[in-house]
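This report concerns only the one structure given below.
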Amino acid sequence: MIPDRRALLVGAAALAATGPARARAAGDLDLTGRFVQGGHALGRTWPRALIFVDGEALAAASSSGRFIVGFDRDAPSSVRIEARLDGRSAGRTLDIAPGDFPVTRVDGLPSSTVTPSDPALLARIAREVELKTEGFASRLDADHFHDGFDWPVTGFRVSSRWGAQRVLNGTPARPHYGIDLAVPAGTVIRAPAAGRVTLAEPGLHFEGGLVLIDHGQGLITAYLHQSRLDVRAGQDVRRGDSLGRVGMTGRATGPHLCWRMKWRNRNMDPSLLTRT
39 MIPDRRALLV
49 GAAALAATGP
59 ARARAAGDLD
69 LTGRFVQGGH
79 ALGRTWPRAL
89 IFVDGEALAA
99 ASSSGRFIVG
109 FDRDAPSSVR
119 IEARLDGRSA
129 GRTLDIAPGD
139 FPVTRVDGLP
149 SSTVTPSDPA
159 LLARIAREVE
169 LKTEGFASRL
179 DADHFHDGFD
189 WPVTGFRVSS
199 RWGAQRVLNG
209 TPARPHYGID
219 LAVPAGTVIR
229 APAAGRVTLA
239 EPGLHFEGGL
249 VLIDHGQGLI
259 TAYLHQSRLD
269 VRAGQDVRRG
279 DSLGRVGMTG
289 RATGPHLCWR
299 MKWRNRNMDP
309 SLLTRT
């Protein structure tokens, strides 16, 4: 764990410093970003070019030529990014620096949120997985990510770092794919960038009040454990709009916002896209 926002930013900067900040190929493919596990590449190329990642077509550049590629927590040590359009191609191979992921322990959780076994509860969880899968499948034709993100809450303390290996009630669990921002209950959660709400559900078993936002090309941010939701699915939001209020619903031991980010099923560290 790290104690505050300053420590988080220092750690993120150290990670970013281990990888290149910019790569260019013949003027046709410009890449900037945080080339680390959990990081990203922000790209600029020909408008509507297809974007290939390690040979697989995963996205298309926007009408202005912008695109994003996310690097998962377990991304390999190198990634090939290529843009192709009308017989032209431009590509770069990026070195991806390893992340620094601690082990964190959380005790005192209800057993139903760690090892659920009741058939009715398992059926409910399965239905909720379908809702979340649909929300994460959104592919908005936009590039609202290109000028960075604001923090969704102010005055926070980082209570759990992104990517930490979790041990819940003594049981090893999957890594924590969010960054936990501890603030008082009722703190306003604001959209860190423009986008479209793809899911707004008030009472999910694990996440509690959950909002998902597509910022373009399938870059989805998630806001967990909310006590109140101020948006609805299908609503377009601008940077700074209220999404809801911080709570401790779902699997939580205290009031905080768990902030998550995904790009096409790749888990990313949202703090690495913040502007400050």
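Residues in the sequence shown are numbered from 39 upward in steps of one, following this note's numbering.
For glycine and all other residues, C-beta sits at the position ideal for the given N, C-alpha and C.
In this structure, how does DSSP classify residue i when only helix, strand and coil are distinguished?
i, result
"A64", "Only weak support exists for where A64 lies, its pLDDT of 45 falling under 50; the coordinates are left without a value."
"L311", "helix"
"V221", "coil"
"T192", "coil"
"D92", "coil"
"R228", "strand"
"V249", "strand"
"Q75", "coil"
"A211", "coil"
"V269", "coil"
"R283", "strand"
"L242", "strand"
"A290", "coil"
"F187", "strand"
"A99", "coil"
"R86", "coil"
Starting from residue i, follow its DSSP beta bridges and name the residues at the other end.
i, result
"M318", "Missing from the structure shown is residue 318; the chain here goes from 39 to 314 and no further."
"Q203", "V141"
"L80", "T70 and I106"
"D274", "R234"
"A260", "L250 and R298"
"S198", "D218"
Thinking residue i and residue j are a contact (beta carbons under 8 Å), I'd like their distance in whole angstroms, please.
i, j, result
"H294", "H263", "7 Å"
"D110", "R304", "4 Å"
"I227", "G282", "5 Å"
"V249", "S265", "Contact flag wrong, Cβ pair sits at about 12 Å."
"P190", "P230", "5 Å"
"M286", "A223", "7 Å"
"L67", "A128", "4 Å"
"G247", "L267", "6 Å"
Item to check | Ranges of the beta strand (DSSP E) found wholly within the segment 101-175, counting only runs of at least 3 | outcome: 104-108, 116-123, 126-133 and 141-144
Checklist entry - Does the pairing of the segment 253-265 with the segment 103-112 give three or more beta-carbon distances under 8 Å? => result yes
Checklist entry - Are three or more beta carbon pairs between the segment 142-149 and the segment 113-128 nearer than 8 Å? => result no
Item to check | contact_flag[the segment 195-207, the segment 219-237] where n(CB pairs < 8 Å) is 3 or more | outcome: yes
Checklist entry - Would you call the segment 227-243 and the segment 165-183 in contact, with 3 or more CB pairs under 8 Å? => result yes
Item to check | Contact between the segment 73-80 and the segment 127-137 (3+ Cβ pairs under 8 Å) | outcome: yes
Next on the checklist: Does the segment 264-284 come into contact with the segment 221-236, if we say contact requires no fewer than three beta-carbon pairs (one atom in each stretch) closer than 8 Å?
Outcome noted: yes
Next on the checklist: Three or more C-beta pairs under 8 Å: does that hold for the segment 80-95 against the segment 122-130?
Outcome noted: yes
Checklist entry - Taking contact to mean at least 3 C-beta pairs separated by less than 8 Å, is the segment 174-187 in contact with the segment 203-213? => result no
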